[in-house]
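Line by line, the protein sequences give chains A and B.
Each residue of the first sequence is one higher than the one before, counting from 461 in my numbering.
Each residue of the second sequence is one higher than the one before, counting from 571 in my numbering.
Even for Gly, the Cβ is constructed at its ideal location relative to N, Cα and C.
Since the structure is predicted, the reported quantities are computational estimates derived from the model, not experimental observations.
Here's the structure we're looking at; comments come further down.
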Amino acid sequence: MLHYTLSRLGLAVLIVSVAMLILFSMIYLIPGDPAAVALGPRATAAMREALRIKMGLDQPVWVQFWNFFINAWQGDLGNEVLSDRPVSRVVLEQLPYTLALIAGGMVWSVALGIPLGCWAAVKRGSLADRLVGVLSVAVIAVPSFVVAIYALLIFAVSLRWLPAIGAGEPDDLGDQLVHLILPSIAVGLGWVGYIARMVRASMLEVLEAQHIRTARAFGLPDNQITYQYALTIAILPTITLLGVGIGQMLSSAVFAEIVFARPGVGKLVYDAILTRNYPLVTGAVLVTTVLFVLINLVADLIVGALDPRVRSSF
Amino acid sequence: MTVLSIQNLNVTFSTEGGDLHALKDVSFEVPERRIVGIVGESGCGKSTLINAILGLLADNGRVSGGEMMFQGRDLSRLSPREMTALRGPQIATVFQDPMGALNPVISVGRQMTNIQYRSGLSKAEKAERAVAMLRRVRIPDPEAALARFPHQFSGGMKQRIAIAMALMMEPALLIADEPTTALDATLEVATIELLQELQAQIGCSVLFISHHLGVIAELCEDVVVMYAGEVVERGTTRQVFNSSRHPYTERLLDCDPARQSSRTRHLPTIPGEIPDLRARPPGCIFAPRCHRRAPVCDTPPPEETVQSGHVARCHMVTP
Ligand SMILES: Nc1ncnc2c1ncn2[C@@H]1O[C@H](COP(=O)(O)OP(=O)(O)OP(=O)(O)O)[C@@H](O)[C@H]1O
Ligand SMILES: [Mg+2]
Chain A
461 MLHYTLSRLG
471 LAVLIVSVAM
481 LILFSMIYLI
491 PGDPAAVALG
501 PRATAAMREA
511 LRIKMGLDQP
521 VWVQFWNFFI
531 NAWQGDLGNE
541 VLSDRPVSRV
551 VLEQLPYTLA
561 LIAGGMVWSV
571 ALGIPLGCWA
581 AVKRGSLADR
591 LVGVLSVAVI
601 AVPSFVVAIY
611 ALLIFAVSLR
621 WLPAIGAGEP
631 DDLGDQLVHL
641 ILPSIAVGLG
651 WVGYIARMVR
661 ASMLEVLEAQ
671 HIRTARAFGL
681 PDNQITYQYA
691 LTIAILPTIT
701 LLGVGIGQML
711 SSAVFAEIVF
721 ARPGVGKLVY
731 DAILTRNYPL
741 VTGAVLVTTV
751 LFVLINLVAD
761 LIVGALDPRV
771 RSSF
Chain B
571 MTVLSIQNLN
581 VTFSTEGGDL
591 HALKDVSFEV
601 PERRIVGIVG
611 ESGCGKSTLI
621 NAILGLLADN
631 GRVSGGEMMF
641 QGRDLSRLSP
651 REMTALRGPQ
661 IATVFQDPMG
671 ALNPVISVGR
681 QMTNIQYRSG
691 LSKAEKAERA
701 VAMLRRVRIP
711 DPEAALARFP
721 HQFSGGMKQR
731 IAIAMALMME
741 PALLIADEPT
751 TALDATLEVA
761 TIELLQELQA
771 QIGCSVLFIS
781 HHLGVIAELC
791 EDVVVMYAGE
801 VVERGTTRQV
811 FNSSRHPYTE
821 RLLDCDPARQ
831 SSRTRHLPTI
841 PGEIPDLRAR
851 PPGCIFAPRC
861 HRRAPVCDTP
871 PPEETVQSGH
881 VARCHMVTP
């Protein structure tokens with residue numbers, strides 16, 4: 461397991477480094493002078509030149525990249541344009557809200573999707589199975605911003621069961637959780653469908669396997685066969701899918717944060733783009749990339765912990 | 571005493587092209603402490619037979635007639651719950667494919683203790699029994715083997731672990747569905763000898779399925795020859811192999827590579843193929859491929875007794 465963990469960790473570092481290179485190239489290749497953009501149209505040539513030197517833009521490309529790379533690994537993503545605060549601090553302030561949103565969406569979609577998919581597979585061909593199938597496709601087909609808007613209109617505006625906007629009082633955990641319900645439904649609903657379909661498909665495959673026949677031939681209880689012998693294997697592709705799907709969840713988080721006027725990285729990026737606050741956009745994208753890589757790392761480690769074949773192939 | 575007595579067993583699968591009559595009037599017995607072999611070409615219904623015995627037929631299959639008496643109880647009349655209780659402690663099974671027969675993500679020790687859940691033993695006692703059994707099938711370092719996973723063992727070792735799991739239950743009947751087919755020849759011999767030795771120690775009956783005549787002749791005391799879902803001949807191994815009466819058995823023996831007197835490039839084969847089991851002919855099922863076919867063969871053949879215990883289902887049996 462140690463070997464496997466180290467190799468996954470090494471890969472994660474490599475991916476983040478490559479992402480930094482790509483991000484740097486994109487900033488570098490975007491036409492226009494960052495110093496001029498930062499200072500606005502009324503700046504003098506001397507002011508621009510001074511800022512260029514301060515930002516290191518007079519250095520050769522590779523020095524610029526190296527500085528960017530070293531600084532980024534140390535958590536220094538430069539200062540944002542409007543308030544001159546460190547980008548990393550601004551992004552990290554918003555990050556917990558987005559993490560809570562994604563975690564909320566993921567927890568409840570997993571908690572619902574896995575049992576539904578499992579149930580559909582065990583009752584293959586039954587009415588329940590077909591119902592799960594139709595519902596899965598339906599929730600996958602609805603875009604998450606539509607879910608967000610309807611959830612807002614129905615449960616917050618019409619029924620007034622749940623709060624409509626914001627993230628709740630900063631020091632009231634209960635209030636924050638209540639504010640999390642609707643946005644996390646918007647983020648997670650489609651995933652219930654994905655997970656249910658995925659689990660159903662891999663369960664059906666695993667239930668046909670020889671070793672399941674062996675387990676039955678030894679008279680093991682049906683529940684143990686379904687949940688211990690089959691689901692442990694059937695769950696593996698779903699965990700990998702979730703790791704990759706976190707990117708898609710991040711993009712639905714952007715919509716959810718805008719619709720529900722929630723703080724968060726998505727809202728931050730949205731506002732930063734509107735105000736052309738490029739250092740902030742770059743920093744937020746990099747942080748999101750790291751988040752994506754970290755979650756995939758966790759997914760890989762879970763798969764490694766569950767599947768001895770994966771562990772020992774490293 | 572007979573442990574298992576199958577009488578006129580019929581199994582039907584519903585398929586898109588109509589009902590498939592996979593087993594037709596299958597009858598044979600497995601006496602106590604005896605090893606009975608079932609032999610026949612691929613697709614003749616060997617696996618279907620053991621799935622019917624175990625109550626593990628596919629969803630589209632059903633027992634459409636006959637009875638399977640196991641220690642005085644008809645298996646086809648037991649509830650699923652009673653059947654589950656029999657599988658393992660009473661009837662244990664070793665399957666064909668050693669590569670896929672064990673769960674890949676559960677350690678060998680855990681799989682071996684899980685199947686003892688009805689024994690009432692403590693966790694340590696269960697592990698102890700697992701170790702003892704692994705030692706008997708000659709798995710090196712059995713204590714350490716408990717913590718390992720199936721992919722860390724070779725094919726032959728996996729098959730011995732599967733045998734250990736089955737015999738650890740001390741069943742009245744061991745069913746082995748082609749347990750050696752996936753192994754190479756030397757391993758096959760070793761596995762057969764191991765099975766023979768353990769069977770003698772434990773004193774269970776064995777239903778041994780194979781399409782390898784040499785293995786059957788080596789291991790089994792009685793033989794049942796199946797063709798297209800029917801028992802065409804059965805008797806002691808000596809009776810069936812030395813004085814076979816059914817043309818299919820004769821052909822099967824002729825085609826056995828081990829029996830070729832001279833080295834040939836081309837093994838003889840039985841011309842023709844197994845008929846479509848969805849449309850069984852009214853007469854003898856083997857008639858279309860039979861070298862001794864006569865007009866009478868278009869009517870259902872009777873089960874003729876050749877000698878005590880030796881029967882063949884054929885019009886042409888001359889006692
Ligand atoms: N679930 C099923 N649905 C329809 N037909 C089936 C089903 N299972 C088996 N059959 C048919 O029943 C017949 C017997 O199959 P079975 O698997 O029992 O043969 P076998 O003797 O075990 O063959 P092999 O030596 O290849 O394992 C075949 O014609 C097969 O196509
Ligand atoms: Mg078979």
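Residue-chain proximity (residue i, chain B), Cβ-Cβ < 8 Å
i, result
"Tyr-689(A)", "yes"
"Phe-678(A)", "yes"
"His-463(A)", "no"
"Arg-590(A)", "no"
"Asp-767(A)", "yes"
"Thr-692(A)", "yes"
"Arg-673(A)", "yes"
"Ala-581(A)", "no"
"Ala-669(A)", "yes"
Presumed contact (8 Å Cβ cut-off) between residue i and residue j, rounded CB distance
i, j, result
"Val-802(B)", "Phe-856(B)", "7 Å"
"Leu-704(B)", "Phe-640(B)", "Going by Cβ atoms, the distance from Leu-704(B) to Phe-640(B) rounds to 28 Å, so no, they are not a contact pair."
"Arg-708(B)", "Arg-688(B)", "At roughly 27 Å, the Cβ-Cβ gap does not stay under 8 Å, so Arg-708(B) and Arg-688(B) are not in contact."
"Ser-677(B)", "Ala-717(B)", "6 Å"
"Gln-769(B)", "Val-776(B)", "6 Å"
"Gln-666(B)", "Asp-747(B)", "5 Å"
"Val-607(A)", "Leu-649(A)", "5 Å"
Reduced DSSP secondary structure (H/G/I, E/B, other) of residue i
i, result
"Pro-577(B)", "The displayed chain sequence assigns Gln, not Pro, to residue 577(B). Strand, per DSSP."
"Thr-572(B)", "strand"
"Glu-509(A)", "helix"
"Tyr-687(B)", "coil"
"Gly-535(A)", "coil"
"Ile-676(B)", "coil"
"His-861(B)", "coil"
"Gly-636(B)", "strand"
"Asp-644(B)", "strand"
"Gln-771(B)", "helix"
"Thr-761(B)", "helix"
"Phe-605(A)", "helix"
"His-840(B)", "Sequence check: residue 840(B) is Ile here, not His. Coil, per DSSP."
Residue from the options with nearest C-alpha to residue i
i, options, result
"Phe-715(A)", "Arg-676(A), Gly-705(A), Tyr-730(A) and Gln-636(A)", "Tyr-730(A)"
"Ile-623(B)", "Met-796(B), Ala-662(B), Ser-878(B) and Arg-718(B)", "Ala-662(B)"
"Glu-800(B)", "Asp-824(B), Val-866(B), Ala-592(B) and Phe-583(B)", "Ala-592(B)"
"Thr-588(B)", "Phe-598(B), Arg-848(B), Leu-648(B) and Gly-773(B)", "Residue 588(B) is actually Gly in this sequence, not Thr. When only C-alpha atoms are compared, the closest one is Arg-848(B)."
"Gly-773(B)", "Ile-605(B), Asn-578(B), Lys-594(B) and Val-887(B)", "Ile-605(B)"
"Arg-862(B)", "Met-738(B), Pro-712(B), Arg-821(B) and Gly-690(B)", "Arg-821(B)"
"Gly-565(A)", "Leu-702(A), Val-725(A) and Asn-756(A)", "Leu-702(A)"
"Leu-667(A)", "Cys-578(A), Gly-648(A), Val-547(A) and Ala-744(A)", "Cys-578(A)"
"Gln-519(B)", "Ala-700(B), Leu-789(B), Gln-577(B) and Pro-749(B)", "Here chain B covers residues 571 to 889 and nothing more, so residue 519(B) does not appear."
"Phe-778(B)", "Thr-806(B), Gln-771(B), Leu-579(B) and Leu-744(B)", "Leu-744(B)"
"Arg-603(B)", "Thr-585(B), Ser-692(B), Pro-872(B) and Gln-771(B)", "Gln-771(B)"
Contact check, residue i vs residue j, beta carbons under 8 Å
i, j, result
"Ser-646(B)", "Glu-637(B)", "yes"
"Leu-664(A)", "Ala-581(A)", "yes"
"Val-581(B)", "Leu-627(B)", "yes"
"Asn-737(A)", "Leu-542(A)", "yes"
"Leu-590(B)", "Ile-608(B)", "no"
"Met-658(A)", "Thr-698(A)", "yes"
"Lys-728(B)", "Met-669(B)", "yes"
"Val-795(B)", "His-816(B)", "yes"
"Leu-640(A)", "Ala-560(A)", "yes"
"Ala-616(A)", "Leu-595(A)", "no"
"Leu-766(A)", "Val-551(A)", "no"
"Pro-674(B)", "Pro-749(B)", "no"
"Val-763(A)", "Val-753(A)", "no"
"Val-725(A)", "Thr-558(A)", "yes"
Cutoff 8 Å: residue i Cβ touching any chain A Cβ
i, result
"Leu-753(B)", "no"
"Asn-684(B)", "yes"
"Ile-676(B)", "yes"
"Thr-756(B)", "no"
"Asp-595(B)", "no"
"Gly-842(B)", "no"
"Gly-726(B)", "no"
"Asn-673(B)", "yes"
"Arg-657(B)", "yes"
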